[in-house]
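S.K.: Quick one: the structure is below, and I'll ask about it shortly.
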Amino acid sequence: MAAHLKKRVYEEFTKVVQQQQEEITAKKLRLTKPSKSAALHIDLCKATSPADALQYLLQFARKPVEAESVEGVVRILLEHYYKENDASVRLKIASLLGLLSKTSGFSPDCIMDDAINILQNEKSHQVLAQLLDTLLAIGTKLPENQAIQMRLVDVACKHLTDTSHGVRNKCLQLLGNLGSLEKSGTKDTEGLATRDVQKIIGDYFSDQDPRVRTAAIKAMLQLHERGLKLQQTIYNQACKLLSDDYEQVRSAAVQLIWVVSQLYPESIVPIPSSNEEIRLVDDAFGKICHMVSDGSWVVRVQAAKLLGSMEQVSSHFLEQTLDKKLMSDLRRKRTAHERAKELYSSGEFSSGRKWGDDAPKEEIDTGAVNLIESGACGAFVHGLEDEMYEVRIAAVEALCMLAQSSPSFAEKCLDFLVDMFNDEIEEVRLQSIHTMRKISNNITLREDQLDTVLAVLEDSSRDIREALHELLCCTNVSTKEGIHLALVELLKNLTKYPTDRDSIWKCLKFLGSRHPTLVLPLVPELLSTHPFFDTAEPDMDDPAYIAVLVLIFNAAKTCPTMPALFSDHTFRHYAYLRDSLSHLVPALRLPGRKLVSSAVSPNIMPHEDPSQQFLQQSLERVYSLQHLDPQGTQELLEFTIRDLQRLGELQSELAGVADFSATYLQCQLLLIKALQEKLWNVAAPLYLKQSDLASAAAKQIMEETYKMEFMYSGVENKQVVIIHHMRLQAKALQLIVTARTTRGVDPLFGMCEKFLQEVDFFQRCFIADLPHLQDSFVDKLLDLMPRLMTSKPAEVVKILQTMLRQSTFLHLPLPEQIHKASATIIEPAGESDNPLRFTSGLVVALDVDATLEHVQDPQSTVKIQVLYPDGQAQMIHPKPADFRNPGPGRHRLITQVYLSHTAWTEPCQVEVRLLLAYNSNARIPKSPWIEGGEVSPQVETSIEGTIPFSKPVKVYIMPKPARR
Amino acid sequence: MPEIRVTPLGAGQDVGRSCILVSIAGKNVMLDCGMHMGFNDDRRFPDFSYITQNGRLTDFLDCVIISHFHLDHCGALPYFSEMVGYDGPIYMTPPTQAICPILLEDYRKIAVDKKGEANFFTSQMIKDCMKKVVAVHLHQTVQVDDELEIKAYYAGHVLGAAMFQIKVGSESVVYTGDYNMTPDRHLGAAWIDRCRPNLLITESTYATTIRDSKRCRERDFLKKVHETVERGGKVLIPVFALGRAQELCILLETFWERMNLKAPIYFSTGLTEKANHYYKLFITWTNQKIRKTFVQRNMFEFKHIKAFDRAFADNPGPMVVFATPGMLHAGQSLQIFRKWAGNEKNMVIMPGYCVQGTVGHKILSGQRKLEMEGRQVLEVKMQVEYMSFSAHADAKGIMQLIGQAEPEHVLLVHGEAKKMEFLKQKIEQEFRVNCYMPANGETVTLPTSPSIPVGISLGLLKREMAQGLLPDAKKPRLLQGTLIMKDSNFRLVSSEQALKELGLAEHQLRFTCRVHLHDARKEQETVMRVYSHLKSILKDHCVQHLPDGSVTVESILIQAAAHSEDPGTKVLLVSWTYQDEELGSYLTSLLKKGLPQAPS
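Chains as they are written, first to last, in my numbering: chain A, 5 to 968; chain B, 87 to 686.
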């Protein structure tokens, strides 16, 4: 209870401080207010020519206006508006009115009457359009006021007959944003006849100006976006617009048709020139498909994109999109896809070299062939071979979305996706590989398709290869030949691009575990065993051999008969790989082999990983034995840290957890060591030198806590509390050390104040977690807070010192998923002996290629540091576009770093490394006590510190002196 | 009656020697001037004597337009301009202008040097002919003379291929030449805006074919080549030096690079290097990919493809050879074919269309024994494959283009009669436009109704606009004004302005009419009755009773007088001006019916 009261006291205290700040700023506002409008008034009166007045207005528009002074400014502007003869000045004033009415905190209903008034007397079309724009701004500002909306709609309708397209455009925009469809009838209509806005807008679908037609459609879409339900009658009107001469009209019409089809998917529409009827969504689908072969690529992109989201379409229509009904000399011809499929199902593996196998077969009834109005026919076939890659990408995306919702369609579109792997633009290839991965649950690859897929493994782009590996991870293959083919191709890939090793191993791991029965018959061949003869033992370090073993061992996991085919050395290799590449090789139950791991712990549940258990156990041990004598604790911590670090190296999936815990224990160890120092017993003046260790420890703990907080992804709030707690302890330690080493009270006073603020801050941030921190340093500290607030620095230090010693070791709960951020610089490799020569004073571009793992939001956090031999350090912020995201949790940074320096006498090495920038304040604003507006944007983006997280790479450079 | 006349001299229901005469609004234009691959006699060139028997062609033709550089579209050009004699302008796109002479020279060499033909055009003639050429850039409108203008659109097919719009006043014809609606490895797709020509003359090579996706074609092609090469066989790909060859080269080049293959690829004839040079230059005419990447690497700078030497044909081991010409009718491709035909490991891939009568056509139709010159019989053991790499639009593509351009009439050329028939029927059925397919020498005449532009003064237009409500596109509106025809242009102006311009005085035209009324009452009363009657009927008009005893309705005056003979009859004098004719005649008919019986 007492604690609670104390907290409340502090809370109130902080509030008071903030209010004071607010008052100060408010005072400033009042000072500037009158001058603003007055100055404008004077300026405008001074203006002799329209050009002058325009200049003043432009200057005025650069500065913001406070909400309270808006009205005054508006009055002055209006006054000048009435006097002004020049249209351009009136235009500017009108636009300013619009801007001003958007000011937050200002209610613009008071200027509406004036605006409508001046509208009626205005002659210039441009100014009229601008005034309507202003009205739009006013109207959107007051969405609740029905009467005003009605009135504005009325005004818009009146000006719809204007001869200028600009005015009509704005009127339609106004109607779209403010008009309502339902005749809200009874209440507050007050003489203003309610209008059927949809009909009014619809009338302008046939306007003579294409811009107005576009605006009308956009207005209609706007109505829809505002949640008003469009009537179905619009559908026919929109369909007519699909054959408009202008691309922007067609593009908007496609959208409108899509909207209607989503609103009324099930209603029935007649097919013209026949008695049949079909569902509206099918009809719309057919029409949009037709637009995929439009003359303008903008429309094509639009149409292709929208197709993807039409999931209600019947499967019959959907499948038509992939069917082009080939013919040759009026005879039906089968597509290459169909032929490939037939060949496959007939059991032949020769692939289409037979003479005349594409010869056209049956005759086609000439009357039945429909060359254009075949609706959905072949829409995707066209879209996928479009000239513009934007269209192709849109088509691939649409294909992906549709395939995800329809397994049968997924099966059918497979051939087309596979074909896209050979597209000439890399982006398209990549996109189609990703698409394929997304739908891979629904499909099984045929051998000929797999063949095409695997051919892409030779692609020289690393992105493509890795995407393909990911795809292979989750692909279903139908035959053992397929698996063999995949393995052979992957091995080829491995020899060609050795850097792909890890990715390939991972890929084979999944390939094996997905297809154990297909791998089984291949085992003798793969291991090259012979029934009678012993074969030579393969080289254990050969990545290709490891790849084969990974495939086999993962298959063997669910196939108990497989180990019988292994030869002796295979078992030995298994044991080795299980140890060294445990994330790739699963635990196998090998019959007749008493492997150590399985013998020791037979009672373990099979799914529980022994290494996981080891980790848990060692951590338990540490936490439970906290009341040991200091010497013992230190030793135990040291051992455990060593164990954990080793474990992290061995088990890459546990590396995050292990490192994270090890770091935490390391902090604790440092703290204990620091507190064990003799210096605490010695009189103050004597240990000036000895204090090095303690202050170094404090500093290191701080660093480590920052690493813990920012270098790991998946850290939850409960860990953050512990980390911050540790940091607080480090700060306390620092304070104590400084108190002991410095003489004089003044600096200490400031430090104390700061420390207490930190404690306060901690309390406010983690108030919800405080109950978990029973008996900890901070808990005790908060109990003594009132006393600390009033006591002198020396006393504070004394209290802190005893508390630090008494505080218990907090248990760090392990998060579910935790990964350490890491980065590897692939390029520059740092092995070159040839210095990069450039003229001093000019720049040289250094290509940097790095992979980042488990970095959250790398665009804002990852920086590049260049260290010159003279100690000068340069930090480079890569562009957001330089980061690619090849897979979940992985990023790739490909950028250029510009180096420059004054001339050197001989080449020297600069260090390039990646830094992780952090800002601990950025985490906080979620707490309710800070209002969103108060944190200035600078604080959010600023960098508090950086953590190096990659190995530095040395680059040999040589700036030459410039020649004279 | 104005009309457009079209006469194909070549390519009418046929493929080869494209040459179409078009007369439009008194202008005569010749579209393409090609040769025929299947003939070696006079029939290979179009019959220019059709145009004129004696006299210079220049007097009869306003211009010649060449759509692209294939010989069946430009092969007869030097013959036509230098030997028959034509000095007018010849229009073609810059790539065509650059590449055309190379091909003509090559053609000349084969004809003269190899076959020893006399009376053929010379190198100098080609040069002279090319001097008459005027380059037209894409979407550039060129004024041939005051009235005739032409405009080029992108057509795909080969580098520099273009479709041309020929326009005189409001009448226009679009000639497509050869075009391709699907993009390929090096060119984009044909495109035209919605220009609504009176006539669209389109090629129809693949009138009855709907082609498979090009990706399958490409994959098939690569697979066939790859397998043959792996088997140790030789692959012969007969191509025309330019066009498909470059596409296939890019395809094989990228494939070789990706698959890291070592077998050599050769490209025959020296003219390729020159031609490739032009391909490197005219990057803007290629597709999106090449246009975008050429800064890093020009796709036409091949790494794996080398020049071919005749001796290489006998080298052992696998190889791929591109050799000209494409239909195996002569030259190097035929030589190599004869060398390799006997080995079943080898393969010949025909990537394009073959005209009847060529060796290519024979082997494609399954003939395994060929009779060569000198009664030799060549047995073909090598595999024969056909890959439809020909860059013509298929039936769907043709329909697509017609849909894009929205012509009033369609005329089919450059295709076989039987196939055209089908497409013609489809076009008429689906677009409801007339479609024609004339044979060579047959003339098609299309009546046109050219629209005549009339200028209208803004004041008059605004005045009319102000009177009515919104202009409605569907409803005709009546507009009064004066049409002035002066110096062969038409203007519609208000009558006042017309008077002023022509310096005429305005004449008032007044109609008067007497209406007899049986009314025994006094004149004054009759007038009052007429007034009240009109007032009750003509509510929208201003009806006034003037103090002098007359009634006015708008500007129409009505006076009453007693009949000189019969006092029981009153005579109403109605007078109105010409402008109020409508109201005036209505009033008289109203008054003739008599006044309603007053309640008296």
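Using N, Cα and C, we set each Cβ at its ideal position, and we do this for glycine too.
All of these numbers come straight from a predicted model, not from anything done at the bench.
1) If A/Ile-292 and A/Val-258 are in contact, beta carbons under 8 Å, what's the gap, nearest whole angstrom?
2) Span of the alpha helix (DSSP H) holding A/Asp-467?
3) If you measure beta-carbon to beta-carbon, which residues of the region 260-272 of chain B are closer than 8 Å to chain A?
4) Flag B/Gln-486 as yes if its beta-carbon sits less than 7 Å from any beta-carbon of chain C, otherwise no.
5) Who are the Cβ neighbours of A/Lys-598 in its own chain at under 8 Å, not counting the five residues just before and after it?
6) Determine, using beta carbons only, whether B/Arg-377 comes closer than 7 Å to chain A.
7) Based on DSSP bridge pairs, tell me the residues matched to A/Val-253.
8) Report the residue from B/Glu-516, B/Val-222, B/Ile-296 whose alpha carbon sits nearest the alpha carbon of A/Ser-277.
9) Going by the CB atoms, is the gap between A/Val-216 and A/Arg-172 shorter than 7 Å?
10) Which residues in chain A have a C-beta closer than 7 Å to the C-beta of B/Gln-374? List them in chain order.
11) Would A/Thr-909 be called buried (16 or more neighbouring beta carbons within 10 Å of its own) or exposed?
12) Express the C-alpha separation of A/Gln-878 and A/Val-852 in angstroms, rounding to a whole number.
13) Going by C-alpha distance, which of A/Leu-569, A/Ser-622, A/Ser-584, A/Tyr-668 is nearest A/Glu-653?
14) Report yes or no: do three or more beta-carbon pairs, one from the region 836-849 of chain A and one from the region 866-882 of chain A, lie closer than 8 Å?
15) Which whole-angstrom value is the C-beta distance of B/Asn-432 and B/Met-468, which I expect to be below 8 Å?
16) In angstroms with no decimal places, state the Cα-to-Cα distance between B/Gly-635 and B/His-593.
17) Kindly indicate the opening and closing residues of the beta strand (DSSP E) around A/Asp-851.
18) Whose CA, out of B/Val-321, B/Ile-176, B/Val-441, lies closest to the CA of B/Leu-414?
19) Assign A/Met-715 to one of three DSSP states: helix, strand, or coil.
20) Going by the DSSP bridge assignment, what does B/Ile-422 pair with across the sheet?
21) For a test of your reading of the model: does the CB of B/Gly-460 fall under 6 Å from any non-hydrogen atom of the ligand ZN? Yes or no.
22) Kindly list, in the order they appear in chain B, the residues whose Cβ is closer than 8 Å to that of A/Thr-456.
23) Closest to A/Ser-586 by CA distance: which of A/Gln-616, A/Cys-912, A/Leu-136 is it?
24) Whose Cβ in chain A lies nearer than 8 Å to the Cβ of B/Lys-348?
25) What residue from B/Asp-127, B/Gln-251, B/Gly-102, B/Met-458 has the CA that sits closest to B/Lys-237's CA?
26) CB-CB under 8 Å to B/Tyr-193, same chain, minus the five flanking residues each way: which ones, in chain order?
27) Excluding the 5 residues preceding and the 5 following A/Ser-904 in the sequence, name in chain order all residues of the same chain whose CB lies nearer than 6 Å to its CB.
28) Taking the straight line between their C-alpha atoms, what separation do you get for B/Phe-475 and B/Gly-438?
29) Consult DSSP for B/Tyr-696 and reduce its assignment to one of helix, strand or coil.
30) Identify the contact partners of A/Gly-387 in chain B, using a Cβ-Cβ distance below 9 Å as the criterion.
31) Mind checking if A/Glu-462 is an interface residue toward chain B, Cβ cutoff 7 Å exclusive?
32) Is the beta carbon of A/Lys-958 less than 7 Å from the beta carbon of A/Glu-915?
33) Which of the three DSSP states is assigned to A/Phe-570 in this structure?
34) Should A/Gln-22 go down as buried or exposed, given a rule of 16 or more other Cβ atoms within 10 Å for buried?
35) Identify each residue in the region 418-440 of chain A for which the Cβ-Cβ distance to at least one residue of chain B is less than 7 Å, and report them in chain order.
36) Could you please give me the residues that DSSP links to B/Ala-646 through a beta bridge?
M.R.: Here's the rundown:
1) 6 Å
2) In this chain, the alpha helix (DSSP H) harbouring A/Asp-467 covers 466-477.
3) Within the region 260-272 of chain B, the residues whose Cβ lies closer than 8 Å to some Cβ of chain A are Thr-268, Pro-269, Arg-271, listed in chain order.
4) Judged by its chain identifiers, the structure shown contains no chain C, and its protein chains are A and B.
5) Reliability fails at A/Lys-598, whose pLDDT of 47 lies under 50, so the model's placement of it is uncertain and the value that follows must be treated cautiously. None.
6) Between B/Arg-377 and chain A, the shortest Cβ-Cβ separation is not below 7 Å.
7) Bridge partners of A/Val-253: none, in fact.
8) B/Glu-516
9) yes
10) Glu-391, Met-392, Tyr-393
11) By the neighbour-count rule (16 or more Cβ atoms within 10 Å), A/Thr-909 is not buried but exposed.
12) 15 Å
13) A/Ser-584
14) no
15) Confirmed, about 4 Å.
16) 27 Å
17) 848-857
18) Distance check between B/Leu-414 and each of B/Val-321, B/Ile-176, B/Val-441 places B/Val-441 closest, using alpha-carbon atoms only.
19) A/Met-715 falls in the coil class under three-state DSSP.
20) For B/Ile-422, which the question treats as bridged, DSSP gives no partner whatsoever.
21) Here there are no bound small molecules, and the ligand ZN is not part of this structure.
22) Arg-305
23) A/Gln-616
24) Near B/Lys-348 there are no residues of chain A at all, since even the closest Cβ is about 14 Å away, more than 8 Å.
25) B/Gln-251
26) Met-121, Leu-157, Gly-161
27) Val-847
28) 6 Å
29) Lying before the first or after the last residue shown, residue 696 of chain B is absent from chain B, which here runs from 87 to 686.
30) Those within 9 Å of A/Gly-387 in chain B number zero; the least Cβ separation is about 11 Å.
31) yes
32) Yes, these two residues count as a Cβ contact at 7 Å.
33) coil
34) With a pLDDT of 39 at A/Gln-22, under the threshold of 50, the modelled position of this residue cannot be trusted; read the value that follows with caution. By the 10 Å Cβ count, A/Gln-22 comes out exposed.
35) Asp-423, Asn-426, Glu-428, Ile-429
36) B/Leu-658
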